[in-house]
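Count the sequence shown with the numbering used here and you get residues 44 to 136, in order.
Where a beta carbon is used, it is the ideal one built from N, C-alpha and C, also for glycine.
Since the model is a prediction, treat every value here as computed from it, not as a measurement.
Beneath this line is the structure, given in C-alpha cells, with notes to follow.
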Amino acid sequence: MVESLRDPEEAAAYIEAILEENDPEPELLGKALGNVAEALGKAGTSSEASNVHQKQLEQVLSLAGSQTVYGLANWLNELGLKLTVAVAEREPE
44 MVESLRDPEE AAAYIEAILE ENDPEPELLG KALGNVAEAL GKAGTSSEAS NVHQKQLEQV
104 LSLAGSQTVY GLANWLNELG LKLTVAVAER EPE
C-alpha cells in the first residue's frame with residue numbers, strides 16, 4: 044500500500060476516497076493520512092523528517108474546530124498535496 048502512495052496522484056486519490064465515504068470513520072482517515080505521510084515522507088525526506096510529519100499529523104488531528112481544517116491544509120501542503128473544495132455532483136431532480 045505505502046509503495047503505491049509514493050505517487051502523489053495515488054496519495055491524493057486515496058485521501059479523496061476516504062473523505063467521500065458515505066459512512067465516515069474518523070479513525071480510518073487518521074490511518075490513511077499516516078500512510079500518506081509515511082509514503083511521501085520517504086520519497087523526499089529523511090526518516091527524521093518523516094517522523095516530524097507523523098507528529099505534526101497527530102497535532103493537527105487533535106485540534107478543534109476550524110483550526111483542524113487549516114492545520115490539515117498546511118500539513119498536506121508540506122507533503123506536496125493540496126486541500127481543495129469542489130462542487131458536489133447532484134442527481135437530477
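Same chain, Cβ closer than 7 Å to residue i, five either side skipped, listed in chain order
i    : result
A54  : L48, V79, A82, L83 and L124
M44  : N78
W118 : Q99, L100 and V103
A92  : G84
L126 : L115, A116 and L119
7 Å Cβ cutoff met for residue i and residue j
i    : j   : result
L104 : G73 : yes
Proximity winner among the options, relative to residue i (alpha-carbon distances)
i   : options             : result
Q97 : S109, E121 and V128 : E121
Backbone CA spacing between residue i and residue j [nearest angstrom]
i   : j    : result
D66 : E52  : 24 Å
I58 : P135 : 27 Å
D50 : A56  : 10 Å
A75 : E68  : 11 Å
Same chain only: Cβ atoms within 6 Å of residue i, ignoring 5 sequence neighbours per side
i   : result
M64 : Looking at the sequence itself, residue 64 is Glu, so the reference to Met does not match. Cβ within range, chain order: n/a, list empty.
Same chain, Cβ closer than 8 Å to residue i, five either side skipped, listed in chain order
i   : result
L62 : L72
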